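Just so we're aligned, residue 3 is where the sequence shown starts under my numbering, counting upward by one.
Note that the Cβ used here is the ideal one computed from N, Cα and C, for glycine as well.
If you're wondering where the values come from, they're calculated on a predicted model, not measured in any experiment.
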Amino acid sequence: MPRPPHSPRARRPRHLAPLLLLPLALTLSACAGASSAHTSSGGLGGGNTDGKGSLTLNVGDQKGGSEAVLRAAGELDDLPYKIKWSTFTSGPPLLEAVNAKAVDVGAVGNTPPVFAAGAGSKISVIAATHGTAHGEVIAVPKDSELRETADLKGKSVAVAQGSSAHYQLLASLKKAGLTLKDVSVKYLQPADALAAFSAGKVDAWAVWDPYTSQVLRGGKARVLTDGEGVVNGLGFQVAAPGALKDKKKSAAIADYLKRLRKAQDWVFKHPEAWAKVWAKDTGLPYEVALDAVKRTNGTRVFVAVDKNVVDSEQQIVDAFAALELIPRRVDFGDFTDTRFNGSLPPSTTAPRTYKES
């Protein structure tokens, strides 16, 4: 999945958005590598409207991501700046856009920043969230003879390269005394992986929510193992260093992060309402969306970008560097900016240790 940093792909016109409201796995396949852009000033009506003021914040997003939760929580009302949303299929291409200065800030999982940093991209991790890793799973067909992770030796496993699932697979294999060389890794994007998994062309699939909830709800898969206690459960807001040097944009980013935290508090209190919004935005069945909210999406809290976070991410850097899956070893701390830590205290009590077992 990761590629050398370059400018973002051609943007898909906004008027094609209704065509993308397919089951989520198909959505990501249909627009793989593409992004769409529109501006918003908030309000439940949405649309291509202008916000207040002359400043525009360019925000990278994924389907059913930050814009959806902010809008559902009412946190896009009365914005003092405009937001131009660019929707990407996953974290790696979003970070390519950050590196290319096409996006000021965006949300990704725990592994894309490692690949971006290893490639020398200009990115700054500015905020972190932590949640359970029960949605990070290695799934197998329901009637599979595989019963534990060690049984994967010699078997084929589909995974998206550079994704959080990529590291979850590596870490789970290590815990079972195996390495990536002990399995046949098939690097497939989620839609292709789902097709291969459903057709029996791979023995297992390392994946994340909401795909986890989608495949389990389908009744033809079960969890071989999940990431709880194996991976760190972290997610990040990543910004372009140039945007952080701009005082007005930095102030807008600070406001944006505070609104995201408030929106997450809203999710804690209204999981069913959020699941309905998420389902509508992604095309997922409501039951799948609610499963994903309860298993993963609704468990996240903001935490400081501190030594615990940096040390935990450094383990991922070192693991991929040792396997030569990233071009070079880097110090993850060099790609962090802690200026927003003080203004984003945890929204609830959260674990303070993120080291993998």
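- Spatial neighbours of serine 123 in its own chain (CB-CB distance under 8 Å, excluding positions within 5 residues in sequence) are listed in chain order as Pro7, Leu97, Glu98, Val100 and Asn101.
- By the neighbour-count definition (other C-beta atoms within 10 Å, threshold 16), glycine 108 is a buried residue.
- Beta-bridge analysis with DSSP links proline 143 to Ala223.
- Ranking Gly229, Gly93 and Asn299 by CA distance to the CA of alanine 70 puts Asn299 first.
- For threonine 284, the enclosing alpha helix (DSSP H) has its first and last residue at 273-284.
- Distance from alanine 130 to valine 332 at the Cβ level is roughly 18 Å; contact not present, criterion being Cβ atoms closer than 8 Å.
- Beta-bridge pairing by DSSP links threonine 338 to Val127.
- For the pair alanine 141 and alanine 223, the CB atoms are nearer than the 8 Å cut-off.
- Bounds of any beta strand (DSSP E) do not take in alanine 104, whose DSSP letter is neither H nor E.
- Taking all protein chains in view, the Cβ of alanine 208 is crowded by 16 or more other Cβ atoms within 10 Å, so the residue is classified as buried.
- Ranked by Cα distance from arginine 149, the first of Ala254, Thr227, Val232 and Lys84 is Thr227.
- With a contact defined as Cβ atoms closer than 8 Å, serine 215 and valine 279 miss out at about 16 Å.
- Counting only residues of its own chain and dropping the five nearest sequence neighbours on each side, valine 269 has a CB closer than 6 Å to the CB of Trp276 and Gly300.
- With a threshold of 16 other beta carbon atoms within 10 Å, aspartate 79 falls short and is exposed.
- Under the DSSP definition of a beta bridge, alanine 109 partners with Gln239.
- Here threonine 151 has Ile140, Ser174, Leu175, Lys177, Ala178, Leu180, Leu226 and Thr227 as same chain residues with Cβ atoms under 8 Å from its own Cβ, once five neighbours each way along the sequence are excluded.
- Note that the C-beta distance between threonine 113 and serine 166 is below 8 Å.
- Rounded to the nearest angstrom, the gap between the Cα atoms of valine 187 and valine 159 is 5 Å.
- Residue range 158-161 is occupied by the beta strand (DSSP E) that includes alanine 160.
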